[in-house]
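> Can you read through this structure? Questions will come right after.
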Amino acid sequence: MPRATTGDPEAAGAAALDALHPGGALGLAVSGGGDSAALMRIAAGWAQARGVGLRAACVDHGLRPEAAEEAAQVAALAASLGIPCDTLRWRGWDGRGNLQAAARSARSALLSAWAAEHGLSAVALGHTLDDQAETVLMRIARGAGVDGLSGMAPASGRDGALWLRPLLGLRRAALREWLARRSATWIEDPSNDDPRFERVRVRAAMTALEAAGVSADALAAVADRMQAARGALDARAASLWSQASRVGPCGDVALSRAALADAPEEIGRRLLARALRRAGGAWTPRPRAAALGALLDAARSGALGRGRTLAGCVAFDAADAVIFAREHAAAARARAEADLWDGRWRVRTDAPGAVAALGEAGEAALMAAARAEGWRAPQAWRAAPRAARLSTPALWRGEALACAPLAGYGDGLMAVAYQPDVAS
-19 MPRATTGDPE
-9 AAGAAALDAL
1 HPGGALGLAV
11 SGGGDSAALM
21 RIAAGWAQAR
31 GVGLRAACVD
41 HGLRPEAAEE
51 AAQVAALAAS
61 LGIPCDTLRW
71 RGWDGRGNLQ
81 AAARSARSAL
91 LSAWAAEHGL
101 SAVALGHTLD
111 DQAETVLMRI
121 ARGAGVDGLS
131 GMAPASGRDG
141 ALWLRPLLGL
151 RRAALREWLA
161 RRSATWIEDP
171 SNDDPRFERV
181 RVRAAMTALE
191 AAGVSADALA
201 AVADRMQAAR
211 GALDARAASL
221 WSQASRVGPC
231 GDVALSRAAL
241 ADAPEEIGRR
251 LLARALRRAG
261 GAWTPRPRAA
271 ALGALLDAAR
281 SGALGRGRTL
291 AGCVAFDAAD
301 AVIFAREHAA
311 AARARAEADL
321 WDGRWRVRTD
331 APGAVAALGE
341 AGEAALMAAA
351 RAEGWRAPQA
361 WRAAPRAARL
371 STPALWRGEA
381 LACAPLAGYG
391 DGLMAVAYQP
401 DVAS
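Under our numbering, the first residue of the sequence shown is numbered -19, with each subsequent residue one higher.
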């Protein structure tokens, strides 16, 4: 995305929206802070000029007493701009683990479900150039490689949604100055000054780094260059993937061991990430480089044995390939977003019952049907890895199996494989 650190933020934001918008109604994730308040105002003018529908959402994490009032302020601002606004509430924090990471994950899931519910083509976020620089700095501290130093992309997919960052070329201060010139107000979140959080500490360190000549613009430029390098590596991996992979009827993936052995390590890790995402579905997180590297070593040497789990999938050795399948324990927790079940299957049913993984109980029911009714599954089903079969969708009525569409058993449920974007 071209840099727009000077000039008119409104024009720069509109140009970025023109470049990123995939068509259709657009969602806006708005906290009420300066960045997202500017995003909503810029998007309002842009959408009005182009006839694009907008809908905003504010996530109330329930972590501060002021959160409900702040959500009401966001709704009032949206109403003044003629934008429908929904408040999404999260009450899942149990006081354990990394609060910011848990809140971020919950926010992504809530916004993704909201976007699907309202038929939004994408959700725009208020990340700025400063956020990009801070992200790169945090990843440098972790020893990140090409992918980590790529920072945040102007457009990316996660949790089944497309996320846009039209302000990524703009400085935080420039947006606040733009708001101030319009006598517009915004909310200051006190957590942005809480040194318990890594990003807050990094933000404070940026002042000293700027004085030493390490500017936010320079760090963001690193992200731009790493994104270009990542694109080149991904293109090579995509070419090899088309030759070296095969997707089975139950969503399992076979990846040539010879291709993994011959590929450079960066390409090999990308092939594994693609296989995990294809087998695991649209919501599969990308594992860390160290975990992918360890899996690559084992896959190349045929040391996976009966299976190794990663990112909700199981990988195991076959004669001349590595097989990836959805881990049954992960599929057993699967949810449906609109008609997308477990991020892997488009499902449709008008019959009573609930869609859930086939599992061992379903496998037992199919075996009983084979004995009692003479039913026989098609050859493709019988040839699929057991792990893949267990994680396919089925229609249940209480504890009774009504339909296992991939096995050709019963009726009432249709399931078509969903092919997520597997780009690493």
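Cβ atoms here follow ideal geometry from the backbone N, Cα and C, with glycine treated the same way.
1. Which runs of the beta strand (DSSP E) fall wholly inside the region 192 to 242 and span at least 3 residues, in chain order?
2. Once the 5 residues before and after M118 are set aside, which same chain residues still bring their CB inside 8 Å of it?
3. Can you tell me where the beta strand (DSSP E) holding L393 begins and where it ends?
4. How many angstroms separate the CA atom of A408 from the CA atom of S371?
5. Whole angstroms are fine: how far does the CA of G282 sit from the CA of E190?
6. Would you report the Cα separation of C38 and A387, rounded to the nearest angstrom?
7. Taking the alpha carbon of V202 as the point to measure from, which residue in A48, A311, Q112 has its own alpha carbon closest?
8. Let me make sure I understand the geometry here. Which of A24, G333, G140, D173 has the alpha-carbon closest to that of W94?
9. With a threshold of 7 Å on Cβ separation, who are the neighbours of S136 within its own chain once the five nearest residues in sequence on each side are excluded?
10. For the candidate residues A58, D40, A345, whose alpha-carbon lies nearest to that of S88?
11. Kindly identify the DSSP beta-bridge partner or partners of S136.
12. Write down every uninterrupted run of the beta strand (DSSP E) in the region 95 to 178 whose length is 3 residues or greater and which is fully enclosed by it, in chain order.
13. What residue from R84, V10, L90 has the CA that sits closest to A52's CA?
14. Hey, how far is the Cα of A209 from the Cα of V126?
15. Leaving out five residues before and five after R122 in sequence, what residues of the same chain have Cβ atoms less than 8 Å from its Cβ?
16. Taking the alpha-carbon positions, what's the A86 to W70 distance?
17. How is P373 classed by DSSP in three states: helix, strand or coil?
18. Straight-line CA distance for A255 to L235?
19. Consult DSSP for L300 and reduce its assignment to one of helix, strand or coil.
20. Out of A310, A5, I303, R237, which one is the CA nearest neighbour of T264?
21. Return the chain-ordered list of same chain residues with a C-beta closer than 7 Å to the C-beta of L338, the five sequence neighbours on each side being excluded.
22. Take A305 and list the residues in its own chain whose beta-carbon comes closer than 6 Å to its own, dropping the five residues that flank it on each side.
23. What alpha helix (DSSP H) runs, 4 residues minimum, are completely inside the region 307 to 369?
24. DSSP state of L275, grouped into three classes?
25. DSSP state of V32, grouped into three classes?
26. Pull up the distance between the alpha-carbon of L91 and that of V103, whole angstroms please.
27. How far does the beta strand (DSSP E) with A9 in it extend, from its first residue to its last?
28. How long is the line joining the alpha carbons of A36 and C65, rounded to whole angstroms?
29. Less than 8 Å between the C-beta atoms of E(-10) and I22, yes or no?
30. Which class does D(-2) belong to by DSSP, given the choice of helix, strand or coil?
31. Assuming R249 and A274 make a contact with CB atoms under 8 Å, what is their CB distance in whole Å?
32. Per DSSP, what are the beta-bridge partners of T289 in this structure?
33. Taking DSSP as the reference, what is the three-state secondary structure of P(-18)?
34. Compare the Cα-Cα distances from I167 to each of R362, A17, A96, V335 and report the closest residue.
35. So R69 is in the beta strand (DSSP E); what residue range does that whole segment cover?
36. Which residues in the same chain have their Cβ closer than 8 Å to the Cβ of I247, if we skip the five residues on either side of it in sequence?
Quick answer:
1. Runs found: 225 to 227, 233 to 236.
2. Looking up residue 118 in the sequence shown gives position 138. These residues qualify, in order along the chain: E178, R179, V182.
3. As a working mapping, residue 393 is identified with position 413 in the sequence shown. Premise fails: L393 is in no beta strand (DSSP E) and is neither H nor E.
4. Nothing can be reported for residue 408: it is not among the residues displayed for the chain, which extend from -19 to 404.
5. What you label residue 190 is simply residue 210 of the sequence shown in a count that begins at 1. What you label residue 282 is simply residue 302 of the sequence shown in a count that begins at 1. Those two C-alpha atoms are separated by around 49 Å.
6. For the purposes of this step, residue 38 is taken as residue 58 along the sequence shown, with counting starting at 1. For the purposes of this step, residue 387 is taken as residue 407 along the sequence shown, with counting starting at 1. Taking the Cα positions, C38 is about 43 Å away from A387.
7. Numbered from its first residue, the sequence shown carries residue 202 at position 222. Ranked by Cα distance from V202, the options A48, A311, Q112 are led by Q112.
8. The sequence position of residue 94 within the sequence shown is 114, counting from 1. Of the candidates A24, G333, G140, D173, the one whose C-alpha sits nearest the C-alpha of W94 is G140.
9. Here residue 136 is taken as the residue at index 156 of the sequence shown, counted from 1. These residues qualify, in order along the chain: W143.
10. The residue you call residue 88 lines up with position 108 of the sequence shown. Nearest of A58, D40, A345 to S88, Cα basis: D40.
11. Within the sequence shown, numbered from 1, the residue matching residue 136 stands at position 156. DSSP output for S136 lists W143 as bridge partner(s).
12. Assignment of beta strand (DSSP E) within the region 95 to 178, counting only whole runs of 3 or more residues, yields 102 to 104, 135 to 138, 141 to 144 in chain order.
13. The residue labelled residue 52 in the question sits at position 72 within the sequence shown. For the residues R84, V10, L90, the minimum Cα distance to A52 belongs to V10.
14. Your numbering for residue 209 matches position 229 in the sequence shown. Your numbering for residue 126 matches position 146 in the sequence shown. Looking at the backbone, the Cα of A209 and that of V126 are separated by about 7 Å.
15. As a working note, residue 122 is residue 142 in the sequence shown. Cβ neighbours of R122 beyond the five flanking positions: G128.
16. Residue mapping note: residue 86 aligns to position 106 of the sequence shown, counting from 1. Residue mapping note: residue 70 aligns to position 90 of the sequence shown, counting from 1. So the two alpha carbons sit approximately 7 Å from each other.
17. For the purposes of this step, residue 373 is identified with residue 393 of the sequence shown, where counting begins at 1. When DSSP states are grouped into helix, strand and coil, P373 belongs to the strand group.
18. Within the sequence shown, numbered from 1, the residue matching residue 255 stands at position 275. Within the sequence shown, numbered from 1, the residue matching residue 235 stands at position 255. The alpha-carbon atoms of A255 and L235 are separated by roughly 7 Å.
19. Within the sequence shown, the letter at position 320 stands for residue 300. A small correction: the amino acid at residue 300 is Asp; Leu does not occupy that position in the sequence shown. Three-state DSSP puts D300 in coil, outside helix and strand.
20. Position 284 of the sequence shown, counted from the start, is the residue given in the question as residue 264. That would be A310, whose Cα lies nearest to the Cα of T264.
21. Position 358 of the sequence shown holds residue 338. Non-local C-beta neighbours of L338 in its own chain, meaning closer than 7 Å and more than five positions away in sequence, comprise R369, L370, T372, A374, A384, ordered along the chain.
22. Translated into the one-based positions of the sequence shown, residue 305 becomes position 325. Spatial neighbours of A305 in its own chain (CB-CB distance under 6 Å, excluding positions within 5 residues in sequence) are listed in chain order as D232, A259, V294, P365, A367, A368.
23. With a minimum length of 4 residues, the continuous alpha helix (DSSP H) runs that stay inside the region 307 to 369 are 308 to 311, 339 to 353, 359 to 363.
24. Within the sequence shown, the letter at position 295 stands for residue 275. DSSP places L275 in the helix class (H, G or I) of the three-state scheme.
25. Position 52 of the sequence shown, counting from 1, holds the residue named residue 32. Reduced to three states, the DSSP call for V32 is coil.
26. Locating residue 91 in the sequence shown gives position 111, where the first residue counts as 1. Locating residue 103 in the sequence shown gives position 123, where the first residue counts as 1. Taking the straight line joining both Cα atoms gives about 8 Å.
27. Translated into the one-based positions of the sequence shown, residue 9 becomes position 29. Unbroken beta strand (DSSP E) run through A9: 6 to 9.
28. Looking up residue 36 in the sequence shown gives position 56. Looking up residue 65 in the sequence shown gives position 85. A36 and C65: Cα-Cα distance of roughly 5 Å.
29. The residue you call residue -10 lines up with position 10 of the sequence shown. The residue you call residue 22 lines up with position 42 of the sequence shown. Yes, they are a contact pair.
30. Reading the sequence shown from its first residue, position 18 is the one you call residue -2. Of the three classes helix, strand and coil, the one that applies to D(-2) here is helix, per DSSP.
31. Here residue 249 refers to the residue found at position 269 of the sequence shown. Here residue 274 refers to the residue found at position 294 of the sequence shown. At roughly 10 Å, the Cβ-Cβ gap does not stay under 8 Å, so R249 and A274 are not in contact.
32. As a working note, residue 289 is residue 309 in the sequence shown. Per DSSP, V294.
33. Start at 1 with the first residue of the sequence shown, and residue -18 comes out as number 2. Confidence at P(-18) is low in this model, with a pLDDT of 47, below 50, so its placement is unreliable and the value that follows should be read with caution. In the structure shown, P(-18) sits in coil (DSSP, three-state: anything other than H, G, I, E or B).
34. Working through the sequence shown from its first residue, we reach residue 167 at position 187. Ranking R362, A17, A96, V335 by CA distance to the CA of I167 puts A17 first.
35. As a position in the sequence shown, residue 69 is number 89, starting the count at 1. Counting along the chain, the unbroken beta strand (DSSP E) around R69 starts and ends at 65 to 69.
36. Sequence index remark: in the sequence shown, residue 247 carries index 267 (1-based). The residues are L213, R216, A217, L220.
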